[in-house]
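See below for the structure under consideration.
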Amino acid sequence: MEGRVEHRKKILVAKVGLDGHDLGAKVICQAFRNAGMEVIYTGLRQTPETIVAAAMDEDVDVIGISTLSGAHMHHIPRIMELLKEKKAEGVVVIAGGTIPIAEVPELERMGVARVYPTDSDTSKAVEFVKGLAARRA
Amino acid sequence: MSDKEGIAAIRAKKEEWETEILRPALEKIGPKREAKSLGIGHLEIPLKEIYTPVDLEENGFDYLEGVGFPGDYPFVRGVDPTRDPSRPWLIRIYAGYGTPEQSNQRYKFLLQEGAEEIVMAVDLPTQIGYDADHPMAAGEVGRVGVSISSLRDMELAFEGIPLCSMRRVGLLGNAFGPIALAFFIALGEKQGLSPKDYTVHLQNDVLKEYGTRGTQFLPVKPAVRLVTDVVRYCAVHAPHWNSCNVCAAHYAYAGAAPAHAYALADAQIYIADILAKGMKIDEFAHMFNLFTVGELTFAGVATIRAVRKIWARMMKEKYGARDPRSMAIRMTAYALGESTAQQTLNNIIRIALGTQTYALAGVDYIYNASYDEGLAIPTEEAARLCLRTQQILAQETELALTVDPFAGSYLVETLTLQVEREILRCLKEIEEMGGAIAAIDRGFFQKKASEEAYKKRVRIEKGERIHVGVNKYRLAAEEVPVTFKPDPGVAGRRLESLRRLRRERDNREVARCLERVREACSMDENVVPAVLDAVRAYATLGEICNVWREVFGEYEFSKAYM
Numbered sequence: 047m048e049g050r051v052e053h054r055k056k057i058l059v060a061k062v063g064l065d066g067h068d069l070g071a072k073v074i075c076q077a078f079r080n081a082g083m084e085v086i087y088t089g090l091r092q093t094p095e096t097i098v099a100a101a102m103d104e105d106v107d108v109i110g111i112s113t114l115s116g117a118h119m120h121h122i123p124r125i126m127e128l129l130k131e132k133k134a135e136g137v138v139v140i141a142g143g144t145i146p147i148a149e150v151p152e153l154e155r156m157g158v159a160r161v162y163p164t165d166s167d168t169s170k171a172v173e174f175v176k177g178l179a180a181r182r183a
Numbered sequence: 088m089s090d091k092e093g094i095a096a097i098r099a100k101k102e103e104w105e106t107e108i109l110r111p112a113l114e115k116i117g118p119k120r121e122a123k124s125l126g127i128g129h130l131e132i133p134l135k136e137i138y139t140p141v142d143l144e145e146n147g148f149d150y151l152e153g154v155g156f157p158g159d160y161p162f163v164r165g166v167d168p169t170r171d172p173s174r175p176w177l178i179r180i181y182a183g184y185g186t187p188e189q190s191n192q193r194y195k196f197l198l199q200e201g202a203e204e205i206v207m208a209v210d211l212p213t214q215i216g217y218d219a220d221h222p223m224a225a226g227e228v229g230r231v232g233v234s235i236s237s238l239r240d241m242e243l244a245f246e247g248i249p250l251c252s253m254r255r256v257g258l259l260g261n262a263f264g265p266i267a268l269a270f271f272i273a274l275g276e277k278q279g280l281s282p283k284d285y286t287v288h289l290q291n292d293v294l295k296e297y298g299t300r301g302t303q304f305l306p307v308k309p310a311v312r313l314v315t316d317v318v319r320y321c322a323v324h325a326p327h328w329n330s331c332n333v334c335a336a337h338y339a340y341a342g343a344a345p346a347h348a349y350a351l352a353d354a355q356i357y358i359a360d361i362l363a364k365g366m367k368i369d370e371f372a373h374m375f376n377l378f379t380v381g382e383l384t385f386a387g388v389a390t391i392r393a394v395r396k397i398w399a400r401m402m403k404e405k406y407g408a409r410d411p412r413s414m415a416i417r418m419t420a421y422a423l424g425e426s427t428a429q430q431t432l433n434n435i436i437r438i439a440l441g442t443q444t445y446a447l448a449g450v451d452y453i454y455n456a457s458y459d460e461g462l463a464i465p466t467e468e469a470a471r472l473c474l475r476t477q478q479i480l481a482q483e484t485e486l487a488l489t490v491d492p493f494a495g496s497y498l499v500e501t502l503t504l505q506v507e508r509e510i511l512r513c514l515k516e517i518e519e520m521g522g523a524i525a526a527i528d529r530g531f532f533q534k535k536a537s538e539e540a541y542k543k544r545v546r547i548e549k550g551e552r553i554h555v556g557v558n559k560y561r562l563a564a565e566e567v568p569v570t571f572k573p574d575p576g577v578a579g580r581r582l583e584s585l586r587r588l589r590r591e592r593d594n595r596e597v598a599r600c601l602e603r604v605r606e607a608c609s610m611d612e613n614v615v616p617a618v619l620d621a622v623r624a625y626a627t628l629g630e631i632c633n634v635w636r637e638v639f640g641e642y643e644f645s646k647a648y649m
């Protein structure tokens, strides 16, 4: 497409499973908003199905999954699988929270673009999303 | 010289000191010198260079009225007149993972190593009222705690551990309080014990779940009723149990300050509900505990002293309590430090310092995090270190040899008065809003907490607030610590065990009992007796919670803030 259309990135921040700790999710929402992005927060107790459906309805660029209960290796593969099924592989998936460093390579193999363990600087995730090529123009 | 003349003389001398001695010293340090303040939660109290009797005078310090003696009103110095120096507080540990059998092994190990109370950590499905075989439980079974679905699981978790062999035994049971209570009563029966033979501690504080912790599943009002049903039942059948532990700590972790104001507002909701059902304040208030927080040494000690006073006065003046036991609030604390995922060994120091603060503040029941808690379930070695930390502080140091050692410190007494004012101010604000439930409905805590958490994060990222290992003294390559490896076979074994239970129990009896639970819920009678019968018949946690969901409806998460 001709010209440079300023594309405002749209992000779905999601809590999956029963984990009730969403302070990190709210902090990263605020960081993305302050960087001028459009942020939708799913609230607690979502399933991979509701998250992928919300991502498609809202036509987001990025899904950011916050997970602290240790159930990420159960939920994230399912999210990646659903995105594939729905032909929505263009949506970039990032994840943050209590994720052991040893499990990062496996998540990356599944297609998770970036993993931000506890205490990562919010600026890292913000810069990464900013740097993504516009999916739609 | 009278007191007034004495203060005037000190003030004059202090002004002279400030001009002639302090000022040149400050000028030497120069403009780089930052203003000092103490963060109490996210409440910043500006600090002076020194504290003197002048500060006490200006803040209205009155030893006899406002401090007094330990074991006596207003209990600032502690609820007991003295402490047994060989065990100055109760050493608790929060533990549990995987299957009940696996947790049983861990409990035996911890008791062997000196734990005096096991506080069961249960997994998220259990906390939210789902059995291990519910679809929402997938991926979470046995992860953050032990999976418990029925009395059978409790029997396995405490196999070979008589409840009376521990000084106390506990479970959070916030959103499922009546079931947690019934589990312990029925388990005691199986072990041939009556409630008078052992002591149970329940957190049973659902209100803070809505604001901060997130395990709620029912609408607020029926959830509060379940909490108070437990307290009312215990008042009659087990008055020496701690049936409600109102939590300030979670509000502090979430960033809402001053956290104790929110906890006290929650307590007021429970108390009002119990009073409205015809019980007298002195029949139940002594069972309340307060889950306190404040790990910085001076601010923490001051906060805890202030809260004991506020509770005592609230009981006496607002509720007309006459029994000193109602006015003396016993406290629980969990030393966590601002633990980090980086350089996890640093957390050992943070947790020890937090534990020390609680010891100095005269907290009655202390537990502490393991240094690897932020990464996974503690390893056995890390869990043992929790106990050793407490044992060293309790038995090798002089911390507990005198009661309330900071009393009379110009700094700590001044802070105690300042924090008391702040908590009362915030409590009044919540009361004017219509109380804690109205505040939850408005998203008051939730909003405040997420704003504060973001501010704190920004301060850390800008380096304004130092967090060693995170924004200063970082390692180029973070060492990967050895953490606990969860057993992948847990979920399968739990499904099989539930299948067996549902096959072997008397299912007609279970159905009859669940019907009784339904009636009790609908008829507004205390649900505990019906729940207890259901638990005795091996109805599962999920089955009982489903009855509640059907009668009361479910909490709508779309109402959550943002």
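In the order they appear, the protein sequences are chains X and R.
When you number the first sequence by this note's numbering, it's gap-free, plus one each residue, and the end is 183.
When you number the second sequence by this note's numbering, it's gap-free, plus one each residue, and the end is 649.
Cβ atoms here follow ideal geometry from the backbone N, Cα and C, with glycine treated the same way.
None of the values given here were measured: they were computed from a predicted structure.
Distance, residue j Cα to residue i Cα
i               : j               : result
E630 of chain R : K133 of chain X : 39 Å
P265 of chain R : E246 of chain R : 22 Å
L58 of chain X  : E551 of chain R : 30 Å
G530 of chain R : R544 of chain R : 21 Å
L447 of chain R : V638 of chain R : 47 Å
C75 of chain X  : Y349 of chain R : 25 Å
E102 of chain R : E144 of chain R : 16 Å
V184 of chain X : D620 of chain R : Residue 184 of chain X cannot be examined here, being either before or after the span of chain X that is shown, 47 to 183.
K646 of chain R : Y138 of chain R : In this prediction, K646 of chain R scores a pLDDT of 43, lower than 50, which makes its location untrustworthy; the coordinate-derived value is nonetheless stated afterwards. Cα to Cα, the separation comes out at about 47 Å.
R546 of chain R : A352 of chain R : 29 Å
V233 of chain R : P140 of chain R : 52 Å
T168 of chain X : L498 of chain R : 37 Å
L294 of chain R : C513 of chain R : 17 Å
Q303 of chain R : W328 of chain R : 24 Å
L198 of chain R : I205 of chain R : 8 Å
A33 of chain R  : S89 of chain R  : With chain R covering only 88 through 649, there is no way to say anything about residue 33 of chain R.
K55 of chain X  : G461 of chain R : 31 Å
M401 of chain R : L511 of chain R : 10 Å
K283 of chain R : S330 of chain R : 14 Å
E643 of chain R : I215 of chain R : 14 Å
R471 of chain R : G424 of chain R : 17 Å
M83 of chain X  : H53 of chain X  : 9 Å
Test item: CB-CB of residue i and residue j under 8 Å
i               : j               : result
V557 of chain R : D107 of chain X : no
E241 of chain R : I248 of chain R : According to the sequence as given, residue 241 of chain R is Met; it is not Glu. Cβ distance not < 8 Å, so M241 of chain R and I248 of chain R don't count as in contact.
A141 of chain X : L128 of chain X : no
G257 of chain R : L289 of chain R : yes
R155 of chain X : F174 of chain X : no
Q478 of chain R : G298 of chain R : no
I109 of chain X : A60 of chain X  : yes
Q278 of chain R : L238 of chain R : no
Q443 of chain R : L562 of chain R : no
R592 of chain R : Y541 of chain R : no
T390 of chain R : H347 of chain R : yes
D369 of chain R : R409 of chain R : yes
A617 of chain R : A607 of chain R : yes
V34 of chain X  : G157 of chain X : Since the first residue of chain X shown is 47 and the last is 183, residue 34 of chain X is not available in this structure.
Nearest residue (CA-CA) to residue i, options the options
i               : options                   : result
K308 of chain R : R:G522, R:I547 and R:A578 : R:G522
K130 of chain X : X:S115, X:M102 and X:G142 : X:M102
R650 of chain R : R:G449, R:A456 and R:T315 : Only positions 88 to 649 of chain R appear in this structure, which leaves residue 650 of chain R out of reach.
P222 of chain R : R:L582, R:K295 and R:E114 : R:L582
A420 of chain R : R:K403, R:A439 and R:V311 : R:A439
G165 of chain R : R:P465, R:E483 and R:I416 : R:I416
V62 of chain X  : X:N80, X:V98 and X:A77    : X:V98
Paired residues, beta bridge with residue i - DSSP
i               : result
S112 of chain X : X:K61 and X:G142
M418 of chain R : R:L377
I86 of chain X  : X:L58
P163 of chain X : X:G143
P133 of chain R : R:S124
Quick one: complete alpha helix (DSSP H) runs, 4+ long, within the region 503-564 of chain R? 523-528 and 531-548
Any chance you could list the alpha helix (DSSP H) runs of at least 4 consecutive residues sitting entirely within the region 437-504 of chain R, in chain order? 467-482
Kindly provide the ranges of any beta strand (DSSP E) runs that are 3 or more residues long and lie completely inside the region 360-389 of chain R, ordered along the chain. 375-379
Any C-beta of chain B within less than 9 Å: which residues of the region 525-542 of chain R qualify? Absent from the structure: chain B. Protein chains present are X and R.
Whole beta strand (DSSP E) runs in the region 161-233 of chain R with 3 or more residues, listed along the chain? 177-182 and 204-207
Kindly provide the ranges of any alpha helix (DSSP H) runs that are 4 or more residues long and lie completely inside the region 278-338 of chain R, ordered along the chain. 307-324
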